[in-house]
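Taking it in order: structure first as structure tokens, then the write-up.
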Amino acid sequence: MYYRQVGTVPPKRHTQHRDPEGHLYREELMGEEGFSSDSSLLYHRGVPSAIVDSQVWELGDQALTPNHPLKPRHLRLHSLFEDGAGACPVEGRRLVLGNADVRIAYVVTGVEASPLYRNAIGDECVYVQSGSGTVETVFGVVPYRAGDYVVVPRATDHRWVPAEPSRLYAIEANSHLHPPKRYLSRFGQLLEHAPYCERDLHGPTAIHLVDGTDVEVLVKHRTSRGVVGTRLTYATHPFDVVGWDGCLYPYTFNIEDYMPITGKVHQPPPVHQVFEGWNFVVCNFLPRKVDYHELAIPVPYYHSNVDSDEVMFYVGGDYEARKGSGINIGSISLHPGGHAHGPQPSAIEASLGVDYFEESAVMVDTFKPLELGEGGLAAEDPAYAWSWAGRGPDADNGDGGPAVYSNS
């Protein structure tokens, strides 16, 4: 990230900074990789380490079930919140997929604000499928709208404040998230060939001071048993920062500001990459002109995920390659390593001569196999694996026979 300053900071770092009455502000360094990567300096009214209580926070079901026997999966996320009751943006998340490097969760919120929350495991990248609101943070307030990626660095105190019910697709890393290295200069500037630039990243523009004592923060962290939660109570409100500066802070990036890279023939998924984490990447497939060679086949070729699992979250338009599969907006497809996948057979001929795709999807590719969370198991379409063949052994088409999809 590029340098930003908000509020008041002293002329030199690690020097005295006092309020008008002469009281010393407490300086906090929030930095990555042990003083060796991006960081910011925050100036607090109170003591940021002063806790007065610590209790267990019981998380929702975090169990993961292996994708075994191996098969591709279709998960209908919109089926998870059909009762219409809005859930908490943090505590209401349902785990869909996960491994040792990343967890993917989904929630449909109401308009109630979440508790104060800190993910001490890794950065969060939350895609806003629909809705709007703000994320209040120790760095300031970040507004969000449909199509935003909301990127929250590890250990940032924040809370979600929806202005309207919002569909949130939470990608929770066990690492930090950054733009792809090939898009950055050796000094960290986004280069001319990158599909977005610094102007498209929107961080806090003003401090957000809140007074309070005995304030509870929900903290997600790790132990040898896996992901756990703690309720920490702080002597003073974490939002007591009068100023900060540096290159580490939350921000939003809207997919409308992403400029798709296209070519004469079909381009591989890496050209659609937005972020990278440890052992996974985030890409988006957006409305765009497609291949212009006279014999081009615009939909993807069949491909084997030799080293990775591929997750597509379909968020807009009509995804050309999946027509006839049962997939729709709000669907996830999981195509695991060890399984060759590609378009539905009828989609190949149908795409010939097409020069524009009106589709939007968010993709996560992982190098470790993904397992299914309770939300993923609850949302599964059991017939999807057989959709390329048009028939299968263990799905019902409504009359007691195997499910049949159209491949023509």
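Following the working numbering, the numbering of the sequence shown begins with 27 at its first residue and continues without gaps.
Built from N, CA and C at the ideal position, the CB exists for glycine as well.
Computed from a predicted structure; not experimentally measured.
When secondary structure is reduced to three states using DSSP, His43 falls in the coil class, being assigned neither helix nor strand. Between Cys151 and Val253 the beta-carbon gap is near 17 Å, outside 8 Å, which marks them as no contact. In this structure the stretch 160-174 does not touch the stretch 77-95; the number of beta carbon pairs closer than 8 Å is below three. Per DSSP, reduced to three states, the secondary structure at Val73 is coil, with no helix or strand assignment.
In the three-state DSSP reduction, Val297 falls in the helix class (H, G or I).
With contacts defined as CB atoms closer than 7 Å, Arg119 and Asp183 fail to qualify as a contacting pair.
Within the DSSP secondary-structure output, Gln81 pairs in a beta bridge with Arg257. Counting only residues of its own chain and dropping the five nearest sequence neighbours on each side, Lys97 has a CB closer than 6 Å to the CB of Ala411.
By the Cβ rule, the stretch 371-378 does not count as touching the stretch 100-114, because fewer than three pairs are nearer than 8 Å. In terms of CA proximity to Thr34, Asp271 leads the group His204, Asp271, Ser75, Gly86. Pairwise C-beta distances place the stretch 392-410 out of contact with the stretch 321-332, as fewer than three of them are shorter than 8 Å. Excluding residues up to 5 positions away in sequence, Ile287 lie with their Cβ nearer than 7 Å to the Cβ of Val297 in the same chain. Here the alpha carbon of Tyr29 sits roughly 12 Å from the alpha carbon of Leu227. The continuous beta strand (DSSP E) containing Leu121 extends over residues 120-124.
Between Pro115 and Ser140, the C-beta gap is smaller than 7 Å, which places the two residues in contact. Looking at the DSSP output, Cys223 shares a beta bridge with no other residue. Taking 3 residues as the shortest admissible run, the stretch 339-408 contains the following complete beta strand (DSSP E) segments, listed from N- to C-terminal end: 357-361, 385-392.
The stretch 185-195 and the stretch 214-223 do not touch, with fewer than 3 CB-CB distances between them shorter than 8 Å. In terms of CA proximity to Arg129, Gly303 leads the group Ser62, Leu142, Gly303, Thr41. Looking from the CA of Asp45, the closest CA among Glu58, Tyr69, Pro206 belongs to Tyr69. Within the stretch 129-217, the runs of beta strand (DSSP E) that reach at least 3 residues and sit entirely inside it are, in chain order, 143-145, 150-156, 159-163, 166-170, 174-178, 184-188, 193-199. Relative to the Cα of Phe279, the nearest Cα in the group Cys223, His40, Gly166 belongs to Cys223. Residue pairing by DSSP places Lys246 opposite Asn145, Gly255 in a beta bridge. Of all C-beta pairs linking the stretch 357-367 to the stretch 383-402, three or more are shorter than 8 Å, placing the two stretches in contact.
Per the coordinates, the alpha-carbon of Gly269 lies some 24 Å from the alpha-carbon of Gly148. Of the candidates Ser63, Val332, Ser62, Leu67, Leu67 places its Cα closest to the Cα of Met56. Apart from sequence neighbours up to five positions away, the residues of its chain that approach Ile77 with a beta-carbon distance below 8 Å are Leu258, Thr259, Tyr260, Ala261, ordered along the chain. Annotation for Tyr328: Ala366, Gly368 place their beta carbon closer than 6 Å to its own, counting only its chain and skipping 5 residues before and after. Less than 7 Å separates the beta-carbon of Asp266 from that of Arg71. Contact between Arg52 and Val73 holds, since their C-beta atoms are separated by about 6 Å, short of 8 Å.
Classified as exposed, Asp87 has fewer than 16 neighbouring CB atoms from the shown chains inside 10 Å of its CB.
For Gly272, the enclosing beta strand (DSSP E) has its first and last residue at 267-272. Within the same chain, Gln155, Ile355, Ser386, Ala387, Val388 come within 7 Å of Val341 by CB-CB distance, once the 5 residues on both sides are set aside. Setting aside the 5 residues that flank it on each side, Gly60 has no residue in the same chain whose C-beta is closer than 7 Å to its C-beta.
For the pair Val134 and Ile281, the Cα-to-Cα distance works out to about 20 Å. Residue burial annotation: His202 is buried, with at least 16 other C-beta atoms found within 10 angstroms of its C-beta.
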